[in-house]
Structure formats: C-alpha cells, structure tokens
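Engineer: A single structure is presented below for examination.
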Amino acid sequence: MSLSGLKQLFLVGFLGFALVGCSSTPTTEESGSADAQAETAEPVVVEQTEVVEVVEATNDAGQTAAELKATLQGKVVNFDFDRSEVKAEFYEIIKLNADYMALDSTANVTIKGYCDERGTREYNLALGERRANAVKNALVAEGVSPSRINVISYGEEDPVDPAHTEAAWAKNRRAEFSY
C-alpha cells in the first residue's frame, strides 16, 4: 500500500469516528411510552460518599462484649454438697455468659467443674463433670450452640480455699467459665 493509500484510509477512518462521535441519542420525549423508556434507560453513575458509623453490638443493658466479659471475670456457679443442679440464684451469671457469647460470635467457653475434697478422686471427677454439664445445658437453653462449649472436670484439684471447713468446701463446689 502506498503512502497516498494510507492517507485515504486514515481520512476515511477519521471521518467515520467523527460522524459516530457527533451522533445523538433519542431524548425521552421521542421514545414514546413509559415502558419503552424503562427498557432503554441507561444507568446513571453518581459519585456518592457514604458515611458508615461503626456501632458495637450491645446486650439489653447496653454493654459491649468487652465490658460484659470484664463483668464476668471471677463469676462462678456454686453447688450444694454432692449436687449438680444449678441453683436459681446462679441463672443470672449463666444468662450474662450467654449474652456475652451472643455478642462475640468467635468466643468459645470451657466450663470447668470442681468439687470439695470429700469423696473419692473418681467420684469427684464424675461429679465435677456433671456440674460442668449442668452449666453447659443451661447455656444451651439460653441459645448458645453446644459446639462452642467444652466441659472438663478437675474434681477436688485446684481448690479456691484449701481450708478444711464447711465455708471453704462451699467455695470449692463450683463451675468456672474460661474464655
């Protein structure tokens, strides 16, 4: 192809682009019915700035997960001698733990069951496990998934109060929450 042929090809291409660039689209008045308008309407992109406010989830009392976890620090469920039923006075602690787990969906808990020193080692391990399972069942009843709860029994190991008195034994009959 010669230089004049390239010039002609370039000129034809340029004129073609110029004609396409100058063409207009029909206005909405020209297009007829509303249905036709909806089908032919082109989306309009508008730059929008959105302000997102980060809000931490809270429980009914307005506490965040971190505040609730701090409140739960050191709270235990105590049991009567040779019993594994959760007493009514400890359901508030269980409810607060369930609230915390609802606010923090990544939290898993280990419930540790303990006994006082009376009884055989084997019996106390079994009783500690029954106590931990009783607390687990109460958490599940409050809506916590069982897969997020582990239980372990320490029996008479790791007493809170090493004294050999009824008051000390009452403190040692417990279930603890560990996150």
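The sequence shown begins at 3 in the working numbering and counts up by one. Virtual Cβ for every residue (Gly too), placed ideally from N, Cα, C.
1. Could you check which residue in A136, A134, Y125 and A67 has the C-alpha nearest to that of L98?
2. Report yes if the C-beta of E87 is less than 6 Å from at least one heavy atom of the ligand NAD; otherwise report no.
3. Given 8 Å as the limit, is there contact between the segment 111-120 and the segment 159-168, that is, 3 or more CB pairs closer than that?
4. Taking Cβ positions, are S155 and G121 nearer each other than 7 Å?
5. Return the bridge partner residues of K97 from the DSSP annotation.
6. Got a sec? Which residues, its chain only, sit under 7 Å from L74 by beta carbon, not counting five neighbours each side?
7. Look up K114 in the DSSP assignment and give the residues it is bridged to.
8. Quick check: the Cα distance between N152 and Y93, rounded to an integer number of angstroms?
9. Please report how far the alpha carbon of E91 lies from the alpha carbon of N80, in whole angstroms.
10. By DSSP, does T66 sit in helix, in strand, or in coil?
Structural biologist: Straight from the coordinates:
1. When only C-alpha atoms are compared, the closest one is A67.
2. As for the ligand NAD, it is missing from this structure, which has no ligand bound.
3. yes
4. no
5. Answer is none; K97 lacks a bridge partner.
6. L98, N99, Y102 and F179
7. I154 and E178
8. 19 Å
9. 9 Å
10. strand
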